[in-house]
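Those sequence lines, one after another, are chains A and B. For the first sequence, position 44 (counting from the first letter as 1) is numbered 44 according to my numbering, and the numbering increases by one without interruption. Plus 94 on top of the position in the second sequence (first one is 1) and you've got my numbering. Right, one structure below, let's go through it.
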Amino acid sequence: MARRPSPPRSVASSQEVTDEQLDAYIRTRLALAGVDLSVLPEDDEDASADQRRIMASARRFLRSTPGAIADFEFDPMGPAPAIYPAEVSARNHE
Amino acid sequence: MSELNRRRFLERMTALTATAMATPATLGAVSNAASGPGTRSPAATGADGRAVAKRLREPGLPPAGRPQPADLTELTLAEAARLLRDGDVGAVELVEAYLARIGRWEPRYQAFNTVVPRTALEAARTADRTRGRAPLTGVPLAIKDNYFTAGVRTTANSFILEDFVPDFDATSWARLRDAGAILLGKTQMGPLATTAASTPTGERTTVNAWAPYNEDVSPGGSSSGSATAVAARMAASSTGTQTGGSITNPSNAQALTGIKPTMGRVSLHGILPLTYTRDHPGPLARDAVDAALMLQIMAGPDPADPRSLGLPAVPDYLEAVREADGGLRHPERGGAVRIGVLPGFLDEPEPPEDPGPDPDPDIDRIGSSFPRRERTQAAYRREVATVEARRRMLAILDEMGAEIVELDFPTHWEALTSFNFNNVRLPERSEIFLEHLRDDVRKFGVSLAPWINGLLLPAAEYVRGSRARLVLLREILDEVFGHCDLVTQTAPFPFDMVGLPLIGFPIGFETGSTGYPRPIGGMFGAEPYAEHHLLAVIAAYQRATDWHLRRPADPGELRPAERGGGGPGDGSDRRGGRNRSPRRYDLFDVMERGE
Numbered sequence: 001m002a003r004r005p006s007p008p009r010s011v012a013s014s015q016e017v018t019d020e021q022l023d024a025y026i027r028t029r030l031a032l033a034g035v036d037l038s039v040l041p042e043d044d045e046d047a048s049a050d051q052r053r054i055m056a057s058a059r060r061f062l063r064s065t066p067g068a069i070a071d072f073e074f075d076p077m078g079p080a081p082a083i084y085p086a087e088v089s090a091r092n093h094e
Numbered sequence: 095m096s097e098l099n100r101r102r103f104l105e106r107m108t109a110l111t112a113t114a115m116a117t118p119a120t121l122g123a124v125s126n127a128a129s130g131p132g133t134r135s136p137a138a139t140g141a142d143g144r145a146v147a148k149r150l151r152e153p154g155l156p157p158a159g160r161p162q163p164a165d166l167t168e169l170t171l172a173e174a175a176r177l178l179r180d181g182d183v184g185a186v187e188l189v190e191a192y193l194a195r196i197g198r199w200e201p202r203y204q205a206f207n208t209v210v211p212r213t214a215l216e217a218a219r220t221a222d223r224t225r226g227r228a229p230l231t232g233v234p235l236a237i238k239d240n241y242f243t244a245g246v247r248t249t250a251n252s253f254i255l256e257d258f259v260p261d262f263d264a265t266s267w268a269r270l271r272d273a274g275a276i277l278l279g280k281t282q283m284g285p286l287a288t289t290a291a292s293t294p295t296g297e298r299t300t301v302n303a304w305a306p307y308n309e310d311v312s313p314g315g316s317s318s319g320s321a322t323a324v325a326a327r328m329a330a331s332s333t334g335t336q337t338g339g340s341i342t343n344p345s346n347a348q349a350l351t352g353i354k355p356t357m358g359r360v361s362l363h364g365i366l367p368l369t370y371t372r373d374h375p376g377p378l379a380r381d382a383v384d385a386a387l388m389l390q391i392m393a394g395p396d397p398a399d400p401r402s403l404g405l406p407a408v409p410d411y412l413e414a415v416r417e418a419d420g421g422l423r424h425p426e427r428g429g430a431v432r433i434g435v436l437p438g439f440l441d442e443p444e445p446p447e448d449p450g451p452d453p454d455p456d457i458d459r460i461g462s463s464f465p466r467r468e469r470t471q472a473a474y475r476r477e478v479a480t481v482e483a484r485r486r487m488l489a490i491l492d493e494m495g496a497e498i499v500e501l502d503f504p505t506h507w508e509a510l511t512s513f514n515f516n517n518v519r520l521p522e523r524s525e526i527f528l529e530h531l532r533d534d535v536r537k538f539g540v541s542l543a544p545w546i547n548g549l550l551l552p553a554a555e556y557v558r559g560s561r562a563r564l565v566l567l568r569e570i571l572d573e574v575f576g577h578c579d580l581v582t583q584t585a586p587f588p589f590d591m592v593g594l595p596l597i598g599f600p601i602g603f604e605t606g607s608t609g610y611p612r613p614i615g616g617m618f619g620a621e622p623y624a625e626h627h628l629l630a631v632i633a634a635y636q637r638a639t640d641w642h643l644r645r646p647a648d649p650g651e652l653r654p655a656e657r658g659g660g661g662p663g664d665g666s667d668r669r670g671g672r673n674r675s676p677r678r679y680d681l682f683d684v685m686e687r688g689e
């Protein structure tokens, strides 16, 4: 039957981060990148985007994705990164 | 069409009904077209009349039940190309037939961003006058609006490009153009190639050709207009791009055959990027033969896109889809083609629990008018029908001589194909559009959230995610393709992540979810640059089935009960105030409906 590997452990520390801490991180990172969310309405369901929903989406993303990726157990001697895997494979005649 | 030509046309169509279109042979010269670098002109492709005639062979037998075309727009791409070549149909006639359908039905379908009737007719007149011998001479195509088209507005349905007019053609469109194809128009799409087609602010545009009055039936995204244009017979074939299912999903949604080739097989030069490492251009077509013909022309090395260089030679896709004796045999290894089936593919769905009448914000936030309880039951009925269609498909392939192989998932499949690892792509789009993000985030309209999230993924995790894709690819090659040649897929993301080819194709219809026919799609993946294996198997499957031959009824032919209160059916409600509800996709749909 199917082998269904367990999903990687989530990173406990990311679950303990508060909304306020995440908001500070998001706003700081966006400020460093020169991206300004304040031009969006603060909270307007009729708008195509508003600050409340963008921030909520960003918090969900930060609570799940970076931790899950970082927590994937990796062989340190595993593959070097290659951003076009299929091409690498074909060129290596795998 | 003159009376003489009409008579010849009908005679020819009768003959074609009795004998399958010899398209691979007829158009076989095309197979040389894209094999060499920088081959753009018909002369360079070797697709002259003598070469075509030389390769013309006797047609084989047709699949049962091939319908007689009622009008020129019923022709497949390959059929149209052959009739044009033989002078049985004129390019002007064909273009006018498509423009007539666009004029009549486009207000309801909303498949196009831009239609170019004047230049299309000019090109058709030139084609008729010069009697060009290039393989697609006079064939009208629809091109997704993220492909650069010289002199024609290219918006990607985004505020960012709303007035952009490129001064050159995307390489893949240039190859189709040089093969004689005529641009009918640019198709609607999800903004910047995310979600299903909508305006930049998220208002839904394109509808599914099989359900033009029911917005609960997705057209598939993001190549929504490309799919609807072909399914609704407003173009012979179309192009799409796929980063997360955007060719295979709309093909499945609208009973088309769409192929997402391996990364690098088709040049991305001149196509607005969304994710460098995952964008794949490819065709959406009426069947596997048409898909092979389109891909044969689109594929090949392009000095302007290093990703397309140094790869295995482009195979002869048209040869691959030719009918062969001896069942489904692997052309290189010999023996039966082995089709791998991953766990869960045939699992019966669990009957849903009654969700109760109260609205669920997680489900109802997209504003569906379909009552929640009915929607849950409808989804269940569709899942049951889908499993039955899959079972039937495998039985047919088995009967045709394929070997069906039951497989386990690769070791880390579940983790490495998860939502979180799928998100590794996001920083690429943020980098591509960083200047626009810095200028004004409102330019991104409804699509903004993933662009912001992409700015938040640390570099270490991006690198780790990139390494993880190699782990995933290695496991797929060893643990899947070590045991089979093609493999079933139920979602496009895993193969999109590692750049492997996928084909979407129709495997049935169900009526249980909406009360009228809705296509059910299948999807197979293959090893790197094995598109010819995918096309060969699906072409053979389509010779044994007729799902791909079915066409949706015109909106005006739908019974009132099927219209869902959508007006008189002539689509005349678009410009002067639509009757359709102004419901919009929201921020969350952008993450969930393909790109």
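Backbone N, C-alpha and C define an ideal beta-carbon position, used for all residues, glycine too.
Per DSSP, reduced to three states, the secondary structure at Asn240/B is coil, with no helix or strand assignment. Residues of chain B with a Cβ closer than 7 angstroms to the Cβ of Thr65/A are, in chain order, Asn514, Asn517 and Leu551. Listed by position along chain B, the residues whose Cβ is nearer than 9 angstroms to that of Val17/A form an empty set, because the closest Cβ is around 13 angstroms away.
For Met357/B, the nearest CB of chain A lies under 9 angstroms from its own CB, placing it at the interface with that chain.
Following the DSSP letters along the chain, one finds Gly428/B in no beta strand (DSSP E), marked with neither H nor E. With the rule of 3 Cβ pairs closer than 8 angstroms, the segment 215-224 of chain B counts as touching the segment 268-278 of chain B. Glu625/B and Arg416/B have their C-alpha atoms spaced approximately 14 angstroms apart.
At least one CB of chain B lies nearer than 9 angstroms to the CB of Ala70/A. From the listed residues Pro377/B, Thr605/B and Glu497/B, the smallest Cα separation to Ile614/B is found for Thr605/B. Taking a Cβ-Cβ cut-off of 7 angstroms, the neighbours of Pro81/A in chain B comprise Val557, Ser560 and Arg561, given in sequence order. Residue range Ala185 to Tyr203 is occupied by the alpha helix (DSSP H) that includes Arg195/B. The three-state secondary structure of Arg176/B, taken from DSSP, is helix. Partner residues in the beta bridge of Ile276/B, as assigned by DSSP, are Pro234/B.
Under the three-state reduction of DSSP, Met617/B is assigned to strand. No residue range can be given for Leu362/B, since it is assigned to no alpha helix (DSSP H) and is classified by DSSP as neither H nor E. When DSSP states are grouped into helix, strand and coil, Ser292/B belongs to the strand group. The beta-bridge partner set that DSSP reports for Arg298/B consists of Ser292/B. At a beta-carbon threshold of 9 angstroms, the residues of chain A lying near Arg401/B are Tyr84 and Glu87, ordered along the chain. Interface residue (Cβ-Cβ distance to chain A less than 9 angstroms): Asp373/B is not classified as such. Going by C-alpha positions, Arg637/B is about 19 angstroms away from Ala174/B.
For Val324/B, the closest of Asp261/B, Pro377/B and Leu177/B by C-alpha to C-alpha distance is Pro377/B.
Asp396/B sits close to His363/B, with the two beta carbons spaced by under 9 angstroms.
Residue-level contact by beta carbon holds for Ala33/A and chain B, with a gap shorter than 9 angstroms. Proximity of the segment 300-318 of chain B to the segment 225-234 of chain B falls short of the contact definition, fewer than three beta-carbon pairs being nearer than 8 angstroms.
Annotation: Cβ neighbours of Arg29/A in chain B (cutoff 7 angstroms, chain order): Leu549 and Leu550.
Here the alpha carbons of Val186/B and Met591/B stand approximately 42 angstroms from one another. For Glu497/B, DSSP records a beta bridge to Arg432/B.
For the pair Asp384/B and Ser541/B, the Cα-to-Cα distance works out to about 33 angstroms. Within a 10 Å sphere around the beta-carbon of Leu32/A sit fewer than 16 other beta-carbons, which makes this residue exposed. In the three-state reduction of the DSSP assignment, Phe439/B falls in the coil class, being assigned neither a helical nor a strand state.
Taking a Cβ-Cβ cut-off of 8 angstroms, the neighbours of Pro406/B in chain A comprise Ala90, given in sequence order.
Each residue's CA atom was taken as its position, placing Arg198/B and Ala379/B some 22 angstroms apart. When the five nearest sequence neighbours on each side are left out, the beta carbons in the same chain lying within less than 8 angstroms of the beta carbon of Tyr474/B are those of Pro443, Pro445 and Pro446, in order along the chain.
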